[in-house]
Every structure is written in C-alpha cells, then in structure tokens.
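Residue numbers (our numbering): 82 to 424.
Glycine included, C-beta positions come from ideal geometry on N, C-alpha and C.
Keep in mind it's a predicted model, so treat the numbers as computed, not measured.
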Amino acid sequence: MTLLALETSCDETSAAVVRDGVVLSTIVSSQIEMHAEYGGVVPELAAREHLRNFQPVVRAALSEAGVGVEQLNAVAATQGPGLPTALLVGFKAGQGIAFALNKPFIGIHHHEAHLYSPWIERGGDALVANYSNFQPNVSLIVSGGHTMLVHVEAMLKHRVLGGTIDDAAGECFDKTGKLMGLAYPAGPIIDRLAEQGNPAAHNFPRPLLNDSSDDFSFSGLKTSVRYFIRDHPALLDDVKCVNDLCASVQAAIVDVLVKKTIRAAKRLGVRCVTASGGVTCNRALRSALDAACQKSNLKLRLAEKSLCTDNAAMIGILAEQKLRLGEAATSVDADIAPGMQLA
Ligand code: KG4
Ligand code: ZN
C-alpha cells in the first residue's frame, strides 16, 4: 500500500509518503520563526502559511519518494485536535486528493499518531514501523499543547489516564523561558543552557507529584518562577545564574513527568513505557526516563527525535496500520474535529 499523509494541525506543514510500513519521504516545513516574533502560534497566520506551503511540501514528498499521484492507494490527514483553520488546510486538501483519485481517505487523531510514533525505528537511512516487539504500554505525550498519559492496552486500543489541568509541559518551558528573556520556543534553549547549570540550585515546586491521579499541572511552577525572578531580577544578568535557573526549572518539569509516568506503568502492570511529542526532544527528560525505566525494569521506547515534533510520517504509518487492520475509511465529506478527544 502506498499512502500520502498530511499533517497541518498546528505550525508545521508536513507531508509524507509511506509504503508497507516504510517512510519513503517525510517533509516538514516549520513556521516556528514566523511565530517567534509573537511569542506563540498565531492561528490565522498559521493557516495562511499552511496554504502557501502546502503544494510545495506535497510535491517535495512525492518527488523524494519517487511516487506519482497515480501510484497512491490511499490518502490520510490529521482530523483533530488542533487549530481549526490550520487543520482545514490539510484535511480538506487530503479529501480533495482522495476524491479526485477515487481512493480511500482516512482522518487521523493527532495524539493517536503520537502514541504509535515510538514504534517507528531508523533502519539505515529509512524510518520503518516495527511492531514486532509491540506490547501494552504507558505512553507519555508531551508537547507545547498537550501533556497526557495514555494506557495503550493493545494495538489501536487505548485509554487516557490523565492530562494537564492547565499548562502543557512545553508551554511551561516556553513561558518560564520568556520570563527569563529567552526567545520562543524556549524549550530547546533551556535544554541547552541547563546543561551548564545546577539542577539543585533552586527547589521549584513539583505540582501534583504526590497526587494519586495521573493528571499534571504546570501553571503553579510557572508562577513560582515568575515570583522568583521578580524577587531576584539581577540573576538574569549573570550567565551562571540563568543556567542554574534553567536547570532547576527543567529538573522540576522532568521530575514530575518521569515519576508520574513510571508510577502509572507500575500500577497498571505494563512492562513498557513510550514517549513522544516535542518535549521528548529534551535530553534531560530522555536520560531521566531511561534511568527510571532501567531501575524499574521497564522497556523504554522514545520517539526518534525527528518524529517527536509534529510530522506526517506518524500520521501515514498509523493510517496504513488502520487500513490494514480493516478500519473503515473516513467520508470525503467529513469535517475536521478541532476538539477531538482520544477515545
Ligand atoms: O510537538 P511540538 O512540536 O508541537 C506542539 O506543541 O504540538 O512541541 C513543541 C514544544 C514547544 O513547547 C517546545 O518548547 C518544546 O516542544 N520543545 C522542547 C525541546 N524541543 C522542543 N522542550 C524542552 N526541551 C527541548 N529540547
Ligand atoms: Zn503533536
């Protein structure tokens, strides 16, 4: 099966061509620099940029894969959740392409695609889905818009355990970074600066760490950093102090994410933990998850760094899997679902 996949739920315009579990091409055009000026994603600008980028990105994906449209057997696109005007671009275009080719169209839940992205491995130059070692797991999805824990009970069978009740973890990185005067998105910058800092320099709160739920909360941590900076403004002029601040904020976020993930895995008796989403690029999170899983004898699968942030490859791999397992196609008249919940 050769499938064209499209992803435009937020600020990445992405197209991928997938064939029999192999990612033949994946093109991602990020708008991050455009939105950096505004300190966050501006939905209307994102939609216009998707419209501008869509055709070149799809053409590049087809050409890099060496696939003509006539060779496509199906088309997939993100249906939700996401920014409505952004989703519309990829979803409606995908339906149009499928209709014109008279091929099945399949709408994909963005988070469901994240859940299975850790099973896409790098095999030589190619990214390949490998479900041979698939097992029930607890999956952490952690990005600028979402922070959630999901129990993946079996292939395509999952249950949301908890999520953030306020800010997402990526949002906490970005907003605390802004308080420190760092550019948007601050997550990768904090990751870099924290490497030179002392994570024990400041003891910031670990919200809901000892709460029995699988929910997260990061707004209190952000507020605590705000008051800390208000009371010690001179620290921002000292490179070492900024590095310590970054390392301490990062340690608080990572601590909560890792401990709650491991606790859920142990409670549910799964032997495997997976993680994906933009914040999974964070090196401290990757190594802390690795250490915690080793200590608890859990298998860890982290999404490839290139697949942590939003991409159409994960949409295509999941869509192909769904079609292969007999899931019904989505109508070419179906609507986007910006508030779609993970079932
Ligand atoms: O998944 P993503 O590309 O977009 C959505 O939010 O859906 O994630 C972007 C988020 C931003 O908040 C960004 O700061 C964060 O992921 N991020 C990181 C790192 N790389 C990206 N946060 C911490 N450390 C990183 N290395
Ligand atoms: Zn995402």
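Note to self: ligand 4 and S106: does any heavy atom of the ligand fall closer than 6 Å to the residue's C-beta?
What the structure shows: Here the bound small molecules are ligand 1 and ligand 2; ligand 4 is not part of this structure.
**Study point:** the segment 106-126 contacting the segment 164-176, beta-carbon criterion three pairs below 8 Å
**Key:** At 8 Å Cβ cutoff, the stretches touch.
- Query: Taking the alpha helix (DSSP H) that V109 falls in, what are its first and last residues?
  - Reply: The residue given as residue 109 occupies position 28 in the sequence shown. For V109, no alpha helix (DSSP H) encloses it; the enclosing beta strand (DSSP E) starts and ends at 103-111.
Is the Cβ-Cβ distance between L290 and S298 less than 7 Å? One-based indexing of the sequence shown puts residue 290 at position 209. One-based indexing of the sequence shown puts residue 298 at position 217. For L290 and S298, no; Cβs fall outside 7 Å.
Cβ distance (whole Å) where A356 is taken to contact V335 below 8 Å: Taking the first residue of the sequence shown as 1, we reach residue 356 at position 275. Taking the first residue of the sequence shown as 1, we reach residue 335 at position 254. Their Cβ separation, rounded to whole angstroms, is 11 Å, which puts A356 and V335 out of contact at 8 Å.
Quiz item: What do you get for E252, buried or exposed, if any count of 16 or more other CB atoms within 10 angstroms of its CB means buried?
Solution: Reading the sequence shown from its first residue, position 171 is the one you call residue 252. Counting the other CB atoms within 10 Å of its CB gives E252 a total of 16 or more, which places it among the buried residues.
Worksheet item: Can the beta-carbon of V109 be found closer than 7 Å to that of N392?
Response: The sequence position of residue 109 within the sequence shown is 28, counting from 1. The sequence position of residue 392 within the sequence shown is 311, counting from 1. Yes.
TODO: Name the one or two DSSP bridge partners that E202 has.
DONE: Indexing the sequence shown from 1 puts residue 202 at position 121. DSSP output for E202 lists V209 as bridge partner(s).
* According to the Cβ coordinates, are T411 and F186 closer than 7 Å? -> Your numbering for residue 411 matches position 330 in the sequence shown. Your numbering for residue 186 matches position 105 in the sequence shown. The answer is yes: Cβ separation under 7 Å.
Checklist entry - Can you tell me where the beta strand (DSSP E) with K238 in it begins and where it stops? => result Within the sequence shown, the letter at position 157 stands for residue 238. According to the DSSP assignment, K238 belongs to the beta strand (DSSP E) that extends over 238-244.
Looking only at C-alpha atoms, which of L221, D416, D255 sits nearest to V241?
-> Stepping through the sequence shown from its first residue, residue 241 is reached at position 160. Comparing Cα positions, the closest option is L221.
What is the residue span of the beta strand (DSSP E) that Q422 lies within?
-> Here residue 422 refers to the residue found at position 341 of the sequence shown. For Q422, no beta strand (DSSP E) encloses it, and the DSSP letter there is neither H nor E.
- [ ] Assign S198 to one of two classes, buried (16 or more other C-beta atoms within 10 Å of its C-beta) or exposed (fewer than that).
- [x] For the purposes of this step, residue 198 is identified with residue 117 of the sequence shown, where counting begins at 1. Burial call: buried.
Would you mind working out which of V156, T94, N154, S144 sits nearest R133, comparing C-alpha positions?
-> On the sequence shown, position 52 is the one that residue 133 refers to. Among V156, T94, N154, S144, the Cα nearest to that of R133 belongs to T94.
- Message: Taking a contact to mean a Cβ-Cβ separation below 7 Å, would you say V413 touches F180 in this structure?
- Response: As a first step, residue 413 must be located in the sequence shown, where it is residue number 332. As a first step, residue 180 must be located in the sequence shown, where it is residue number 99. For V413 and F180, yes; Cβs fall inside 7 Å.
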